[in-house]
Amino acid sequence: MRFVWAVAAFVLAALMIGAGIAQRTIFEGPKSQSQAIEVAGDAPYVLIDGSVLTSHDGSQNLRVQGDGTIFAAYARTADMKAWLARADYTEVGVDDGAITSSSIAAADPPAADAAPLTPVGSDLWLDEFQQKDVLITPLQLPADMSLLVATDGVEPAPRSLSLTWPVRSSTPWAGPLIVGGSILLVVGLVLYVLGVRHARRSRGPRRKGVPLPVTEPIDLSVEGSDKGVISATTARRRLTRGKKSFVALPLVAAGALLITGCTPDAWPQPAASPTPSASASVVVPDDQGSPVVTETQAERIVGRISTAVAAADEARDATAASVRLAGTALAVRETNYTLRGAIADEPAVPAIPSGDLQVILPEANDEWPRTFFAVAAGGTEGGAESADQILSVSQQDPWSPYQLTSIATLTSDTELNLAPAYVGAIPIPADSPFLAIAPDGLAAAYADVLTKGTGSEYAALFDSADDAFQTQLDANRTQRLNDFNQTGAQTGSLTFAATAGTQKPVALATLDSGAIVAVTVDDIDTVVPTNTDAVIKVDNNPIVQTLTGVTQSATGFTTTYANQLFFFVPSQSSKERISLLGYSSNILQSKVVS
């Protein structure tokens with residue numbers, strides 16, 4: 001009967017193991033699903049909407065085939081469509097579960113003599129790819145992002161496109177079947193061994209034993225010679241048992257290997273119990289826009305700015321610098337290029353940092369212009385560590401690159417309550433009444449404090465104790481006035497004034513209803529003669545000579561220094577005072593008094 005049960009166990013084990021292996025091999029479904037995309041028309045761009053990318057679960061794999069260089073990029077759908085407003089394109093979407101393709105005409109066609117759009121290097125793209133003839137790239141994009149496919153932006157876009165998604169084939173009974181079959185196999189082996197053993201013990205009739213000899217005295221010599229001798233019968237019995245165990249071990253090991261070879265997909269997955277999630281620390285209004293850049297995108301943009309400006313600085317090329325600089329940041333470099341071209345030992349303006357960004361505060365805005373603030377780690381110049389820099393970077397429209405408009409050295413350790421980069425900061429209107437002072441009045445108020453000191457009506461609004469710029473400016477003015485009075489007090493006068501710069505303020509909100517505000521304040525030095533017979537000479541001032549083109553003037557000279565400033569402005573109801581976060585000061589211009 002043991003043999004019958006052993007055979008039944010073997011048969012059932014073979015069936016179970018075979019069924020389990022079959023589920024993981026011949027009965028397993030396809031591992032991926034592909035969708036060919038038909039492109040209508042011959043537009044230079046193809047936009048694959050996020051609804052197509054997420055029409056199947058899992059990550060996506062894009063394959064594009066064509067002649068020449070193939071370009072692909074992805075970005076937020078709204079940003080990509082804004083960029084495509086000046087071009088004809090083919091939009092691929094989903095309608096009632098079916099992939100559709102439609103031709104879209106340019107909503108804002110460029111002028112006839114305008115240069116054609118080029119998709120390469122746009123700051124809107126979160127990432128981009130280029131390959132020759134065949135482009136294959138894995139992706140994992142959400143529904144609010146889209147793909148752009150093109151060649152050079154002029155020739156028709158490639159027409160051979162396909163997307164592939166992985167298909168997860170779950171075989172929850174493969175594991176239990178293989179394990180159960182392995183157990184039955186072991187049971188069958190045990191039953192078989194027991195059956196063989198029982199059969200050997202019960203083989204033939206029992207023989208009558210040999211009569212015992214008469215007891216005699218023990219012969220010590222015989223006993224000694226037999227010591228250590230093992231009987232042949234006992235040895236054979238032990239060898240037989242050892243062979244049986246030795247045969248069973250590989251089979252048990254094989255079952256163990258089958259068990260360990262099963263993947264999680266081969267086992268039933270219990271339903272996960274919901275876990276409580278932490279409550280959100282930042283409440284985002286429903287009507288708030290999306291952050292204009294991601295952290296990776298911001299770092300790439302700042303890196304591009306740094307590289308472009310470094311090349312422009314080396315060549316003293318203001319036109320090249322204007323691609324990535326604007327406003328005061330560009331104006332002071334244009335002046336510096338002029339001075340360096342005429343004065344051999346004139347130092348260059350400090351380079352734009354290109355390292356990792358320590359803080360990123362993007363504006364939450366779906367329109368243009370767009371801005372983000374960032375704090376970049378200071379580099380090493382001349383063997384010394386430079387301080388961290390705070391930057392204001394803006395984009396005027398979807399087709400323009402981001403440009404650096406203000407940069408300053410951080411001088412304050414003030415801790416600010418900033419929104420996370422994935423949320424973004426609300427832009428503050430220039431005339432906002434909810435701050436201690438409106439952004440469009442901040443520069444004029446601070447200029448009044450620099451000119452009048454504690455006598456200014458705005459002095460109480462500012463934290464002068466932690467104002468490194470005002471301290472340095474006062475010391476510098478005192479030194480220059482003393483130097484001037486030693487030689488020119490009898491024939492001329494030196495006066496100082498400060499005025500609001502022409503650059504518009506930029507303000508982004510903090511979480512405590514305050515704002516970070518970037519402004520420009522001009523510091524103006526004026527030297528004029530005090531009698532009609534005197535003239536003001538600048539023989540020892542090559543900077544003024546270079547910028548004015550003269551060595552003396554009967555009417556005097558004015559020299560303007562542009563000061564790029566970043567402030568924290570608290571809310572109107574706060575008891576805090578306005579604090580300076582950072583500043584940079586560079587000569588802007590010098591001219592003859594008219």
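According to UniProt numbering, the residues represented by the sequence shown are 1 to 594, in order. Where is the CB? At the ideal position from N, CA and C, for every residue including glycine.
- With a cutoff of 8 Å on beta-carbon distance, residue 44 and residue 87 are scored as near each other.
- Burial check for residue 188: the Cβ neighbour count within 10 Å reaches 16 or more, so the residue is buried.
- Annotated as distal: residue 141 and residue 68, with beta-carbon spacing of 8 Å or more.
- Non-local beta-carbon contacts of residue 343 in its own chain, meaning distances under 8 Å to residues more than five positions away in sequence, involve 542, 543 and 546 in chain order.
- When secondary structure is reduced to three states using DSSP, residue 367 falls in the coil class, being assigned neither helix nor strand.
- Considering only 64, 495, 123 and 408, the residue with the shortest C-alpha distance to residue 332 is 408.
- Listed in chain order, the non-local C-beta contacts of residue 34 below 6 Å within the same chain comprise 162 and 164, local neighbours out to five positions each way being set aside.
- In this structure residue 406 touches residue 327 by the C-beta definition: roughly 7 Å separates them, less than 8 Å.
- For residue 448, the closest C-alpha among the options 416, 501 and 415 is that of 501.
- The beta carbon of residue 411 is closer than 8 Å to those of 387, 468, 469, 580, 581, 582 and 583 in its chain, skipping five residues each way along the sequence.
- The closest CA to that of residue 80, considering only 108, 105 and 47, is found on 47.
- With at least 16 other beta carbons inside 10 angstroms of its own, residue 149 counts as buried.
- With 16 or more other CB atoms across the displayed protein chains lying within 10 angstroms of its CB, residue 510 is buried.
- The bridge partners DSSP lists for residue 10 come to none.
- Looking only at 374, 485, 424 and 3, the smallest Cα-Cα distance to residue 288 is reached by 424.
- Looking at the DSSP output, residue 145 bridges to 76.
- Distance check between residue 484 and each of 451, 520, 457 and 528 places 528 closest, using alpha-carbon atoms only.
- Boundaries of the beta strand (DSSP E) around residue 103: 98–104.
- Under the three-state reduction of DSSP, residue 469 is assigned to helix.
- Annotation: the continuous alpha helix (DSSP H) that includes residue 547 extends over 542–548.
- Inter-segment contact for the region 484–495 and the region 530–538 is present: three or more beta-carbon pairs are separated by less than 8 Å.
- Residue 519 and residue 52 have their C-alpha atoms some 45 Å from each other.
- Taking each of 336, 391 and 330 in turn and checking the Cα distance to residue 359, the smallest one comes out for 391.
- Between the alpha carbons of residue 294 and residue 41 lies a gap of roughly 34 Å.
- With fewer than 16 neighbouring CB atoms inside 10 Å of its own CB, residue 422 falls in the exposed class.
- The closest CA to that of residue 319, considering only 301, 338 and 303, is found on 338.
- Linking residue 309 to residue 366 through their CA atoms gives a straight-line distance of about 28 Å.
- The beta carbon of residue 396 sits closer than 7 Å to those of 368 and 369, all from its chain and outside the five residues before and after it, given in chain order.
- Under the three-state reduction of DSSP output, residue 464 falls in the helix class.
- By the neighbour-count definition (other C-beta atoms within 10 Å, threshold 16), residue 298 is a buried residue.
- Cβ-Cβ separation between residue 512 and residue 562: approximately 30 Å, too far for a contact (criterion under 8 Å).
- In this structure, residue 85 sits away from residue 112, with a CB-CB distance that is not shorter than 8 Å.
- Pairwise C-beta distances place the region 444–464 in contact with the region 491–499, as three or more of them are shorter than 8 Å.
- Here DSSP, grouped into helix, strand and coil, assigns residue 559 to strand.
- Under the three-state reduction of DSSP output, residue 417 falls in the coil class, being neither helix nor strand.
- Under the three-state reduction of DSSP output, residue 529 falls in the strand class.
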